[in-house]
Amino acid sequence: RDTLLLLGRSLKHGPPGPHPFPPPKDWKFTQHNPFKAIYDSDHRTVYLMTPRIQKHPFLSVFDGPDASASTGQRLTSTTPLQALFLLNDPLVHRQADRFAAALIRESPDNPSRITSLFSQLFSRPPTTDESRDATSFLEQARATGADPWPALVRALLRTNEFIWLD
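In this text, residue positions in the sequence shown follow my numbering: the first is 93, and each later residue adds one.
Below is the structure:
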């Protein structure tokens with residue numbers, strides 16, 4: 093999540109300040125109507141407000157720790173929900189769109205954009221085959237009427253090389 097926000101030029105550094113709780117006069121929480129608000133934030137994930145009664149939606153998909161207990165070590169998991177999140181979630185689409193717009197703004201042509209894309213996602217330049225495949229992907233996406241750069245970004249965000257840290 094933090095990397096998505098960073099790539100989309102949306103990550104806010106530093107603590108976020110107070111969460112926008114409703115005023116106490118509006119609290120109507122009961123045993124059968126518990127507080128379950130989720131507040132969006134562009135700050136680091138460590139600053140997300142997590143009520144103990146439920147996990148934040150992002151943290152539940154990616155096996156975030158239990159907010160009610162100390163977690164000394166987290167297990168590694170790969171689930172279909174994680175793949176679906178990277179395919180469909182509005183956060184991923186929004187940050188991919190912003191990242192693609194930044195690539196277009198900051199680089200003059202497709203070859204330099206592809207190099208910048210691989211550099212920012214994978215910390216390495218693209219291979220000759222990867223450059224050719226990316227160029228072909230852009231052409232095919234354009235031919236189908238899709239916005240090619242956000243589509244390419246989203247495709248690469250789902251690769252093992254991006255998701256897993258060696």
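We put the beta carbon where it would ideally sit given N, CA and C, even for glycine. Quantities reported herein were computed from a predicted structural model and do not represent experimental measurements.
Burial state of Ile145, where buried means 16 or more other Cβ atoms lie within 10 Å: exposed
Tell me the rounded alpha-carbon separation between Phe177 and Arg234. 24 Å
Rounded to a whole number of angstroms, what is the C-alpha to C-alpha distance between Ile130 and Ser160? 17 Å
First through last residue of the alpha helix (DSSP H) which encompasses Ile130: Looking at the DSSP string, Ile130 is not in any alpha helix (DSSP H), and its letter there is neither H nor E.
Of the residues Phe127, Pro108 and Ala238, the one placed nearest Pro116, counting alpha carbons only: Phe127
Answer with buried or exposed for Val245, where buried requires no fewer than 16 other C-beta atoms within 10 angstroms of its C-beta. buried
Same chain, Cβ closer than 7 Å to Phe154, neighbours up to 5 away in sequence not counted: Gln174
Just checking, does the region 183 to 194 make contact with the region 220 to 230 on the three C-beta pairs under 8 Å criterion? no
Pairs of beta-carbons, one from the region 135 to 143 and one from the region 101 to 118, closer than 8 Å: are there three or more? yes
Excluding the 5 residues preceding and the 5 following Ser208 in the sequence, name in chain order all residues of the same chain whose CB lies nearer than 8 Å to its CB. Leu195, Glu198 and Ser199
Please work out which residues of its chain come closer than 6 Å, Cβ to Cβ, to Ser223, disregarding the five sequence neighbours upstream and downstream, and give them in chain order. Ile206
Give the straight-line distance between the Cα atoms of Ser211 and His185, rounded to the nearest whole angstrom. 20 Å
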